[in-house]
Structure formats: structure tokens, C-alpha cells
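Visitor: In our numbering, the protein residues as written are 20 to 415. Yeah, the Cβ is synthetic: ideal placement off N, Cα and C, and Gly gets one too.
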Ligand SMILES: Cc1cc2nc3c(=O)[nH]c(=O)nc-3n(C[C@H](O)[C@H](O)[C@H](O)COP(=O)(O)OP(=O)(O)OC[C@H]3O[C@@H](n4cnc5c(N)ncnc54)[C@H](O)[C@@H]3O)c2cc1C
């Protein structure tokens, strides 16, 4: 095992055993941290390969939009960890590409001008760019732009590649056991039973089962009032559904990830006076709560999204109006036609709306299910970004 470069308390030289449930990015980052601390790890996933939010996302390690204070600190720590882990595991596709948030209206430009004067703008790597500056940083943006916000701290990982790459790295050493096709069905102190009837016992069981509010964690989440829909004050966890698409390879390199001015409405970093002066979104975008985020994959395809739906039951189908809007926005910024859409999908994540008494963190949900069993979920739209730092906090 490579040297763990991050200074952390040496909680286990005794070679204990950690059971992790869930092969998404949260479970996998817990496996990384547990192995680095010398624990034997047994890692259960109910599918053959993770199929949840962690493989459906943009792969954005997104620092720029985080709320000032603890959320930004968590994201910055996670960004550092992504870089360190990826030095050992280049297969994550991590690259410190930065981001550009593009203004196409005067009102959006004013928000960006105020954002670069925020006290923590330097930590976010913010810089205001002119239209020429935008094209120097990302020559693929040939559309009409008024300016841009360069977020140098932002980065990209490859969601479809990162988890298998991290597991391959873990599997090169003894002490890591990956058990796909194993659904965890029952929990008790320091132990979990899978659907084959096998019990797995450890010093700690970490349950990272994503946006599932029934099943394994259902009784615990309901009993502790951790679900927003069931808590009297509306605090706790809710689920969010997003629509995404990916194009065929785009012939030009997109050197940064790209966001449109609508993203200024949705990320908590931009709580500046001018925000209120943004004109309303087009009706189709407002209905879908759409913002354009665009990331180029290693094969040249463009991942484009997203929308936000909070009302359950979620649609089982995807809506073309939202895709028309997102494709048009992307095309306007690129100034050239987009390649054809190759793939469409939807994904669901869970998020903490307001910190609830049931959780030990306000930024995600962590609670004790039973002695020696901890649930970690609900990181919301920042889960890919923050997962390494969240896992680190579990072991601290
Ligand atoms: C469309 C979309 C775009 C996003 N974009 C970004 C982004 O660019 N940047 C960012 O920071 N965040 C992003 N997010 C959020 C991020 O993807 C999630 O917060 C994160 O992936 C959650 O990880 P997880 O491991 O908790 O959940 P999941 O990825 O859902 O993993 C949970 C795993 O647990 C398994 N499981 C469930 N129950 C059991 C059981 N009983 N036994 C065994 N296994 C079980 C599931 O099969 C699944 O593989 C996005 C989310 C979506 C949906």
C-alpha cells in the first residue's frame, strides 16, 4: 500500500476490520480511507457494478459554488484529497481543469463582478475574465459572451471510470475484499447480513447506500426523524432527480468545465446583492429548475445537464423540453452545433435540506444506526466533490 500522505490521527494500528455497504463514491472513498489506516475492508454492493448517482454525475469536483464557511472548507479539503488519491490512482481521470461560469447578460456579469470581491474569492480561485480572456482560457467558447468567472479550484474526475479504478488499486493489496451482487438486508451491532444469509462482522459497519430511504436504512431513518417529509419541522433528508445527456465526441477540446449564468441562481456561493436583479429564467428552464453544466469526457463527448425535480413520485421518463433548452444553451456558448446526443439518463441523489438532530453533520447525514454501525448519506449535489473528505471525517 502506498504511503498515505495526509496527516491524520493514527486510529488503528491494530488491523481491525471495516464492513462497507454501497459501491458508490461514498462507500469507495470510505474503503480508501479504511485501507490507508490499516483496516481490513469487506465491501458489499448489491449490483454487479455501482449504478447509482456516483456513475451518473458530471464528475465535477466543484469548489467554486460552495457556501462560505464549513461547506467551502469541506470541498477544499476534498479537492486536495482527490488530487492526492489520484496521484496513486490516475485511472480516476482527475484533472485540475478549473471552470468557467459564463455571463451572457449584464445582470449575470454584475453577479460575477460581486462574486470576485467575496472575502473567500482567492480560496475559490476566482478571477473575472473579459470575453477575450474567456476565449484565451477556453478557446472552444466561440459564442457571444459578456465575461466569465474563472474558478481555478474546480476539477474534473471521470464518473464511469473512477470507481473501478479505485477498486483495482485497492485490490492490488491484500486486505480488500470486493463483494458485488450482495445486497445487505439486516443490520445488528457491528454486523450486517447479506441476501445469501452470510453475516459480515467488523469493528465498524459503514452504510453508504445512497438515496434509498426504504430497505436497509428505512427503519432507522424513519425512527430517528431523519426524513424531511416525515419530520415535523421539515429538516433532514430529501431526494432530488436530475436529467443528463452526453453527446458524441466533440471535435474541439473544452479546456475547462463550463456553467451558464443560471448556475449563479442555484449555487449558494453567489448570495450577493445583484443576485436579486437577475431576470427570470425562460419558463421551460424555470419549470425544470435547469442550469447548464458541461464537461468534456476523456473520449471527447460532452456531458450536459442538469435539471432538478423534488416532487415524488419522480417521473420514470425523461422530458425533451428540458433537453432542448440545455442543448440550445450549450450551443449558444460554443457558437457551433453540438454533436448528436448519444445518451440520456436521469439520476437521483439524496440531500440534507436543513441539519436535523438525527445527524452529526449539517452538510450530509451521518448517524449511528446501532453500536458499531454508522450511516453516511445525503451529501446532495456535492457528493462526488466532497466524498473523500466526508469519508475522512468518518474515521476522525
Ligand atoms: C445526475 C447527477 C449529477 C451529479 N453531479 C455531481 C457532480 O458533478 N459533482 C458532485 O460533487 N456531485 C454530483 N452529484 C451528486 C453525487 O453524484 C452524489 O452525491 C453521490 O454520488 C452519492 O454517492 P453515494 O455513494 O452516497 O450514492 P450512490 O452512488 O447512489 O451509491 C450507493 C450504492 O449503494 C448500493 N446499495 C444500496 N442499497 C444497498 C444494499 N442494501 N446492499 C448493498 N448495496 C446497496 C447501490 O446499488 C449503489 O451502488 C450528482 C448527482 C446526480 C444524480
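Taking just the CA atoms, how far does residue 39 sit from residue 49?
Guide: One C-alpha to the other measures close to 7 Å.
Visitor: Taking the Cβ atom as the reference point for each residue, do residue 102 and residue 115 lie within a distance shorter than 8 Å?
Guide: Contact: yes.
Visitor: Helix or strand or just coil, what does DSSP make of residue 265?
Guide: Strand, per DSSP.
Visitor: Using DSSP's beta-bridge definition, name the partner residues of residue 178.
Guide: None; residue 178 has no bridge partner.
Visitor: Let's see if you can read the secondary structure: which residues bound the alpha helix (DSSP H) around residue 145?
Guide: Per DSSP, residue 145 belongs to no alpha helix (DSSP H); it is in the beta strand (DSSP E), 145 to 148.
Visitor: Within the present structure, is the beta-carbon of residue 63 separated from the nearest heavy atom of ligand 1 by less than 7 Å?
Guide: Indeed, a heavy atom of ligand 1 lies less than 7 Å from the Cβ.
Visitor: Just to confirm before moving on: does the CB-CB distance between residue 368 and residue 324 stay below 8 Å?
Guide: No, the Cβ-Cβ distance between residue 368 and residue 324 is not below 8 Å.
Visitor: Output the boundary residues of the beta strand (DSSP E) element that contains residue 47.
Guide: Element bounds for residue 47: not the beta strand (DSSP E) but the alpha helix (DSSP H), 44 to 55.
Visitor: Just to confirm, are residue 53 and residue 60 a CB contact at a threshold of 8 Å?
Guide: In contact: residue 53 and residue 60 (Cβ atoms closer than 8 Å).
Visitor: For residue 298, which residues of its own chain have a beta-carbon under 8 Å away from its beta-carbon, when the five flanking residues on both sides are left out?
Guide: Answer for residue 298: 124 and 126, listed in chain order.
Visitor: Determine, for residue 263, whether the minimum Cβ-Cβ distance to residues of chain D falls below 8 Å.
Guide: No chain D is present in this structure, which holds just one protein chain.
Visitor: With burial defined as no fewer than 16 other Cβ atoms inside 10 Å of the residue's Cβ, what is the status of residue 366: buried or exposed?
Guide: Buried: at least 16 other Cβ atoms inside 10 Å.
Visitor: Can you give me the start and stop residues for the beta strand (DSSP E) that residue 213 sits inside?
Guide: It spans 210 to 213 - the beta strand (DSSP E) in which residue 213 sits, taken as one unbroken run.
Visitor: So for residue 359, helix, strand or coil by DSSP?
Guide: Reduced to three states, the DSSP call for residue 359 is coil.
Visitor: Measure the Cβ-Cβ separation of residue 326 and residue 347 and say whether it is below 8 Å.
Guide: Their beta carbons are not under 8 Å apart, which means residue 326 does not touch residue 347 by this criterion.
Visitor: Beta carbon of residue 320: closer than 7 Å to some heavy atom of ligand 1?
Guide: Residue 320 Cβ: outside cutoff for every heavy atom of ligand 1.
Visitor: In chain order, what residues of the same chain have a beta carbon less than 6 Å from the beta carbon of residue 406, not counting five sequence neighbours either side?
Guide: 44, 45 and 48.
Visitor: Please state whether DSSP places residue 332 in a helix, a strand or coil.
Guide: Of the three classes helix, strand and coil, the one that applies to residue 332 here is coil, per DSSP.
Visitor: Between residue 367 and ligand 1, is the CB less than 7 Å from at least one heavy atom?
Guide: At least one heavy atom of ligand 1 is nearer than 7 Å to the Cβ of residue 367, so yes.
Visitor: Excluding the five sequence neighbours on either side, which residues of its own chain have a C-beta within less than 6 Å of the C-beta of residue 22, listed in chain order?
Guide: Bear in mind that a pLDDT of 31 at residue 22, under 50, signals an unreliable position, so the model cannot answer this.
Visitor: Considering just the uninterrupted stretch of the alpha helix (DSSP H) at residue 58, what are its terminal residues?
Guide: Counting along the chain, residue 58 falls outside any alpha helix (DSSP H), and DSSP gives it neither H nor E.
Visitor: Around the C-beta of residue 279, are 16 or more other C-beta atoms found within 10 angstroms, so that it is buried, or is it exposed?
Guide: So residue 279 ends up on the buried side.
Visitor: When you compare only the Cα positions, how much space is there between residue 290 and residue 138?
Guide: Cα to Cα, the separation comes out at about 12 Å.
Visitor: I need the boundaries of the beta strand (DSSP E) containing residue 159, first residue and last residue.
Guide: Unbroken run through residue 159: none, as it is neither H nor E.
Visitor: Check the DSSP bridge columns for residue 370 and list the partner residues they point to.
Guide: 257 and 398, per the DSSP bridge assignment.
Visitor: In the structure shown, what three-state DSSP assignment does residue 132 receive?
Guide: Correct three-state label for residue 132: helix.
Visitor: Measuring from the CB of residue 81, is there a heavy atom of ligand 1 at a distance below 7 Å?
Guide: Because some heavy atom of ligand 1 lies under 7 Å away, the Cβ of residue 81 counts as near it: yes.
Visitor: When we look at the beta-carbon of residue 151 and count the other beta-carbons within 10 Å, is it buried (16 or more) or exposed?
Guide: When all chains shown are included, residue 151 counts as exposed.
Visitor: Taking just the CA atoms, how far does residue 342 sit from residue 210?
Guide: Answer to the nearest angstrom: the Cα atoms are 44 Å apart.
Visitor: Along the chain, where does the beta strand (DSSP E) that runs through residue 195 open and close?
Guide: Here the beta strand (DSSP E) through residue 195 covers 195 to 198.
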